[in-house]
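Number of protein chains: 2
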Amino acid sequence: MVITEKNIISFTIKTHTMTELSISSDNAKAAEESKSLPPKSDFSEWYNELLRIAEIMDVRYPVKGLYVWNPFGFSIRSRVYSIMRELLDNTGHLEAMFPLLIPEHEFMKEAEHIKGFEDEVYWVTHGGTDPLDVKLALRPTSETAIYPMYKLWVRSHADLPLLIYQIVNTFRYETKHTRPLIRLREITSFKEAHTVHATWDDAAAQVGVATRIYQEFYHRLAVPTVVSKRPDWDKFPGADYTMAVDALMPDGKTLQVGTAHHLGDNFANTFDIRYEDTNGEQVLAHQTCYGVSERSIAALISIHGDNKGLVLPPEVAPVQVVIIPIVFGEDKTVITAVNEVSDTLKQSGLRVVVDDSDARPGAKYYKWEMKGVPVRIEIGPRDLKNNSAVVALRNGGKTSVPIDGILAGINKAFTDIHDSLFETAARELNDRIRLCTDLDEVRDYIQTGIARIAWCGERDCGLEMEEIVGAGILGEPEDPALGKGDGLCPICGKPTDIVVLMARTY
Amino acid sequence: MVITEKNIISFTIKTHTMTELSISSDNAKAAEESKSLPPKSDFSEWYNELLRIAEIMDVRYPVKGLYVWNPFGFSIRSRVYSIMRELLDNTGHLEAMFPLLIPEHEFMKEAEHIKGFEDEVYWVTHGGTDPLDVKLALRPTSETAIYPMYKLWVRSHADLPLLIYQIVNTFRYETKHTRPLIRLREITSFKEAHTVHATWDDAAAQVGVATRIYQEFYHRLAVPTVVSKRPDWDKFPGADYTMAVDALMPDGKTLQVGTAHHLGDNFANTFDIRYEDTNGEQVLAHQTCYGVSERSIAALISIHGDNKGLVLPPEVAPVQVVIIPIVFGEDKTVITAVNEVSDTLKQSGLRVVVDDSDARPGAKYYKWEMKGVPVRIEIGPRDLKNNSAVVALRNGGKTSVPIDGILAGINKAFTDIHDSLFETAARELNDRIRLCTDLDEVRDYIQTGIARIAWCGERDCGLEMEEIVGAGILGEPEDPALGKGDGLCPICGKPTDIVVLMARTY
């Protein structure tokens, strides 16, 4: 590794509040450890190094597939999940919490569901040195933990709809290659909602609500998404159908970042969830469930980040503004002005750091760019003479802003940054979805992005398409502009108006 | 069960936002289920029924010692833990998150620690149908998950102190009688902090900081506490010493609601956590850890609640104000006034419900009293004529407040309620701590509260005191007014100035 001026800075988080993060001044050891970030074109390398250098996750925990949230990463997580809570709370959902451990007899009740998860479940078999009477599964997802309670809770049509969610850790014994935030053995941040409705149609409508909430959630993260109906062979085990939300990663693969499942009355039947309808009859309820995990943060980081490090939308950035005094000699006027600006912004609730450390400005820029701080304010003697400050946006652009109007200027910058991040990513996504006319073209194009291709809708044809292309059918997009079009099924040649998406997937 | 007018109300949480909770109008079934609350003098019965009727926890989950947080209870939990986060974040702590699963070889490293936990640990032995190569413990507490990372994170004196916490689920295979919020197999809400310091004295100072934070936390919950140094035989496995925070429950038993442990360099030695000191020497670090669980909520509920249900300090009440229009006939002026008051309060961030359901006022009072709503506002035509509203406090007292000054009136009421709850509880605690002169008196008195008794400080004498009394020594209180006094050890008769607390404990 080449030691450059840039990489001699240590990014150790200090033990004070997040906004007091300071550059540790030393030293040779830090230089030795802190490799510079590979270019984003080497996506996989870049991703792993970014998580390390920007202190999102520590991957050195001594069990495969389990990772540690560094405080800086955890702070992003907290803000991301605050958005999720806000959106769910404002749409009638209530937060609750159910146990992690599911007794074997409950877990084994729903046949399709077991088939889908039995290879992936961790089992607790011992308490102390004694074997347990009943084996306990670590929830891979909570249907079988929650629905025995729903049987008790749901009595009457007046109890419906029941909309409950929890944010918890779940577990999958992944045998594939694990990857932080993306493929985990402990999903630390699983937001799962479980709803109960009177009719199949009510449940279907709720699936639509769920995908709209998720799209709004991702919009807040400036992450554009595509919603599609997964093919039948790729639906959630035990569901009638599955809608999925996908994001496009920089390497052209899609990342499934949310799913919403219509469970019909399948689980209601298994767990005996019935309600008394308006005629006094006991009838089976209908259910949905929908989930998002820390993959949301993988998408957020991957899509916006660049060769200099993290790029974060202001709403989720642990530090939103860094102010760097440009000081020469003993003059205190710059520091005074910087502190005044900092106070003004903090009083409005902004998360602000003044970096008045001894490091050179270039080193400071490098550090805070790596951390994704959306706005950098520089104030020097020349700026003060003009009663202005230089405002540099992490995603590009620099302007001079009057100090008197600094708060309005920063708030506008925040809006601009978010919109610009979203527009850039949406353009990238649109540019990387291509209508293909045959499977050869699909096979080529999915090296770059998402292919659109006609499909007759028959399972056999779909499976053969996947086989030929060597990649999955994401499904029929909800957006008719993507999901409809006249074409011929590439396998059976039948005319069809269904267009599906195919992509390499995580 | 006697069906009374009061108990025909169902407390089912509706599926809308918490502040839209409404009374479900029916019915015979609700009457059949909703038993009225036993008197608080039957504490154990009262506690269980309160958790059910006020919808804090559902105990019907099909595994012993695992419980479900109802949305209403979870909402209290969220607010309680927000206070904890605020206090920790403001004292230099950073929130992070470490894995649940601890590999056997790490878990088994610290000999004293294993001895303390080996009978209580749940073991994951299988992934899917295959046995795991390495057994994985569900964390009973996270020293052995976190300290392998601290070995990597701590390098230099400049990295210290390191103050990190997480709020996670932990597991204990309890063989004793389990009880919701108090003795659990899944502790869903364990806040554990783990700190690293340069010297033993620095760590000791941090233990002091921790107990002060906890006392402040409990003060915010209006729960008075006593801090004492646990006797050596009751300290945390692997610690140099343990400070504990106890609350007095209504049945005269104490509940340990927080602990802070000085770990010395014991774990640093085991996990090889060293730092380079200012002389360039590699030296062992010193550590502390301190924790609080959902026992905090057990104390909160138990200490303040009464025969009518929950009593909650305004800061943690999911609903802070319920407004009840007293309406006769078709007159809309009352409803208009009620909505204006509601808007005024909501605009200031208060959590307000207008209960304009068809239920009779008495039924409404009963419902919202059960839920612990701190303030009830009643507005009727007569009040409107005087441009005033009746403000009734959940913990007693009713006044008339001018509608123009309603926000100030409610904010003052909130302060008064909190102070009054704390003072009442503090008086109760003080009244139930008695200096005893011999062990017979201790044995009698601990049926009611906490006994103070001289102790020479010798282990053998202490253990014999516990044996004779049939209850534990909490330890020497930090407060010299409680922990000092001239006396004779009741076993060996030696003069001593140490006074310890003894109590029946949960």
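Sequences listed follow chains A and B, in order.
Using the numbering used here, the first residue of the first sequence is number 1, and each one after it goes up by one.
Using the numbering used here, the first residue of the second sequence is number 507, and each one after it goes up by one.
Glycine is no exception: its CB is placed at the ideal position from the N, C-alpha and C atoms.
Model, not experiment: these values are computed from the prediction.
Do L162(A) and G370(A) come within 9 Å of each other at the CB atom, strictly closer than that value?
-> Position 370 of the first sequence, counted from the first residue, corresponds to residue 370(A). Position 162 of the first sequence, counted from the first residue, corresponds to residue 162(A). Before going further, note that residue 370(A) is Met rather than Gly in the sequence given. In this structure, L162(A) does not lie closer than 9 Å to M370(A) by Cβ.
Quick one: which chain B residues come within Cβ less than 7 Å of A70(A)?
-> If you number the first sequence from 1, residue 70(A) lands on position 70. The identity of residue 70(A) in the sequence shown is Asn, whereas the question assumes Ala. Within 7 Å Cβ-Cβ: A602.
Opening and closing residue of the beta strand (DSSP E) in which F677(B) lies = Along the second sequence, read from residue 1 onward, the residue named residue 677(B) stands at position 171. Start and end: L668 to F677.
To the nearest angstrom, report how far apart H418(A) and N169(A) are at their CA atoms.
-> Taking the first sequence and counting its residues from 1, the one referred to as residue 418(A) is at position 418. Taking the first sequence and counting its residues from 1, the one referred to as residue 169(A) is at position 169. Going from the Cα of H418(A) to the Cα of N169(A) covers about 30 Å.
What three-state label does DSSP hand L248(A) in the structure shown?
-> Working through the first sequence from its first residue, we reach residue 248(A) at position 248. Three-state result, L248(A): strand.
If you count every other CB in all the chains shown that lies within 10 Å of the CB of N307(A), and 16 or more means buried, which is it?
-> In the first sequence, the residue the question calls residue 307(A) occupies position 307. Classification of N307(A): exposed, given that the 10 Å Cβ count is below 16.
Segment limits, beta strand (DSSP E) that includes D486(A) | For this step, residue 486(A) is matched to residue 486 along the first sequence. Taken as a continuous stretch (DSSP letters only), the beta strand (DSSP E) holding D486(A) covers K484 to L488.
Could one say the Cβ of A28(A) lies closer than 9 Å to chain B's Cβ atoms, at least one of them?
-> Residue 28(A) sits at position 28 when you count from the first residue of the first sequence. Residue confidence for A28(A) is low, a pLDDT of 40 falling below 50, so the modelled location carries little weight and cannot support an answer.
Since F74(A) meets chain B, which of its residues come closer than 9 Å, beta carbon to beta carbon?
-> The residue labelled residue 74(A) in the question sits at position 74 within the first sequence. Ordered by position in chain B, the residues that pass the 9 Å Cβ test against F74(A) are L600, E601, A602, M603 and Q672.
For the segment 305-336 of chain A, which segments carrying the beta strand (DSSP E) assignment without a break, of at least 3 residues, lie completely within its bounds, in sequence order?
-> 321-325
For S293(A), which option in D232(A), T259(A), N269(A) and E281(A) has the closest C-alpha, if you only look at C-alpha atoms?
-> Locating residue 293(A) in the first sequence gives position 293, counting from the first residue. Answer by Cα proximity: T259(A).
Taking 9 Å as the CB-CB limit, is N675(B) close to chain A?
-> Counting from one through the second sequence, the residue named residue 675(B) turns up at place 169. Closer than 9 Å to some Cβ of chain A, the Cβ of N675(B) qualifies, so yes.
Establish whether the CB of E626(B) and some CB of chain A are separated by less than 9 Å.
-> Counting from one through the second sequence, the residue named residue 626(B) turns up at place 120. Yes, E626(B) counts as interfacial toward chain A.
What residues of chain B sit near L136(A), judged by a beta carbon separation below 8 Å?
-> Position 136 of the first sequence, counting from 1, holds the residue named residue 136(A). Neighbours of L136(A) on chain B, chain order: V569 and Y628.
Using the beta-carbon count (16 or more within 10 Å), is T254(A) buried or exposed?
-> One-based indexing of the first sequence puts residue 254(A) at position 254. The residue in question, T254(A), is buried, as its Cβ has 16 or more Cβ neighbours within 10 Å.
Please decide whether L658(B) counts as near chain A, where near means a Cβ-Cβ distance under 9 Å.
-> Mapped onto the second sequence, residue 658(B) falls at position 152. Output row for L658(B): interface = yes.
Kindly list, in the order they appear in chain B, the residues whose Cβ is closer than 7 Å to that of M370(A).
-> Here residue 370(A) refers to the residue found at position 370 of the first sequence. Neighbours of M370(A) on chain B: none; closest Cβ ~18 Å, over 7 Å.
Name the residue from Q672(B), M971(B) and R583(B) whose alpha carbon lies nearest to the alpha carbon of V1005(B).
-> As a first step, residue 1005(B) must be located in the second sequence, where it is residue number 499. Among Q672(B), M971(B) and R583(B), the Cα nearest to that of V1005(B) belongs to M971(B).
Short-range partners of chain A found in the segment 604-625 of chain B, where Cβ spacing is below 7 Å | F604, P605, L606, L607, P609, E612, E624 and D625
Run down chain A in chain order and give the residues with a C-beta less than 7 Å from the C-beta of T694(B).
-> Within the second sequence, the letter at position 188 stands for residue 694(B). In chain order: M97.
Taking the C-alpha atoms as reference points, what is the distance between A1009(B) and E947(B)?
-> As a position in the second sequence, residue 1009(B) is number 503, starting the count at 1. As a position in the second sequence, residue 947(B) is number 441, starting the count at 1. About 12 Å.
State the Cα-Cα distance for the pair G622(B) and I807(B), rounded to the nearest angstrom.
-> On the second sequence, residue 622(B) is found 116 positions in, with the first residue counted as 1. On the second sequence, residue 807(B) is found 301 positions in, with the first residue counted as 1. Rounded to the nearest whole angstrom, the CA to CA distance from G622(B) to I807(B) is 30 Å.
Euclidean distance between Cα positions of I324(A) and I406(A) | Your numbering for residue 324(A) matches position 324 in the first sequence. Your numbering for residue 406(A) matches position 406 in the first sequence. Per the coordinates, the alpha-carbon of I324(A) lies some 15 Å from the alpha-carbon of I406(A).
Go through its chain and collect everything with a Cβ distance to E782(B)'s Cβ below 7 Å, but skip five positions before and after it.
-> Taking the first residue of the second sequence as 1, we reach residue 782(B) at position 276. The residues are R661, S662, H663 and Q788.
Following the continuous alpha helix (DSSP H) through H113(A), name the residue where it begins and the one where it ends.
-> On the first sequence, position 113 is the one that residue 113(A) refers to. A111 to F117 is the span of the alpha helix (DSSP H), which, as asked, contains H113(A).
Measure the Cβ-Cβ separation of V207(A) and H262(A) and say whether it is below 9 Å.
-> For the purposes of this step, residue 207(A) is identified with residue 207 of the first sequence, where counting begins at 1. For the purposes of this step, residue 262(A) is identified with residue 262 of the first sequence, where counting begins at 1. Yes. Within cutoff.
Bridge-paired residues (DSSP) for M590(B) | As a first step, residue 590(B) must be located in the second sequence, where it is residue number 84. Paired residues: none, contrary to the question.
Exposed unless 16 or more other CB atoms sit within 10 angstroms - verdict on G968(B) = For the purposes of this step, residue 968(B) is taken as residue 462 along the second sequence, with counting starting at 1. Classification of G968(B): buried, given that the 10 Å Cβ count is 16 or more.
Below 8 Å between beta carbons is the criterion; list the residues of the segment 545-574 of chain B that meet it against any residue of chain A, in chain order.
-> D564, R566, Y567, P568, V569, L572, Y573 and V574
Counting only the same chain and skipping the five closest in sequence on each side, list residues whose C-beta sits under 7 Å from that of D331(A).
-> One-based indexing of the first sequence puts residue 331(A) at position 331. Result list for D331(A): P381, in chain order.
Find the residues of chain A that neighbour G811(B), judging by a C-beta separation of less than 8 Å, and give them in chain order.
-> Counting from one through the second sequence, the residue named residue 811(B) turns up at place 305. Under the 8 Å cutoff, chain A gives no residues; its nearest Cβ is about 21 Å from G811(B).
DSSP-derived helix/strand/coil call for H767(B) = Translated into positions along the second sequence, residue 767(B) becomes position 261. Here H767(B) sits in strand by DSSP.
K735(B) bridges to which residues according to DSSP?
-> For the purposes of this step, residue 735(B) is taken as residue 229 along the second sequence, with counting starting at 1. Paired residues: M749(B) and E982(B).
Is the CB-CB distance between V223(A) and V257(A) below 9 Å?
-> Locating residue 223(A) in the first sequence gives position 223, counting from the first residue. Locating residue 257(A) in the first sequence gives position 257, counting from the first residue. In contact: V223(A) and V257(A) (Cβ atoms closer than 9 Å).
Give the interface partners of H767(B) over in chain A, defined as CB-CB distance under 7 Å, in chain order.
-> One-based indexing of the second sequence puts residue 767(B) at position 261. Annotation: H767(B) has no Cβ neighbours in chain A at a cutoff of 7 Å; minimum Cβ distance is about 19 Å.
Do you know whose CA, among K697(B), K891(B) and K852(B), lies nearest V827(B)'s CA?
-> Within the second sequence, residue 827(B) is the residue found at index 321, counting from 1. For V827(B), the nearest C-alpha among the options comes from K852(B).
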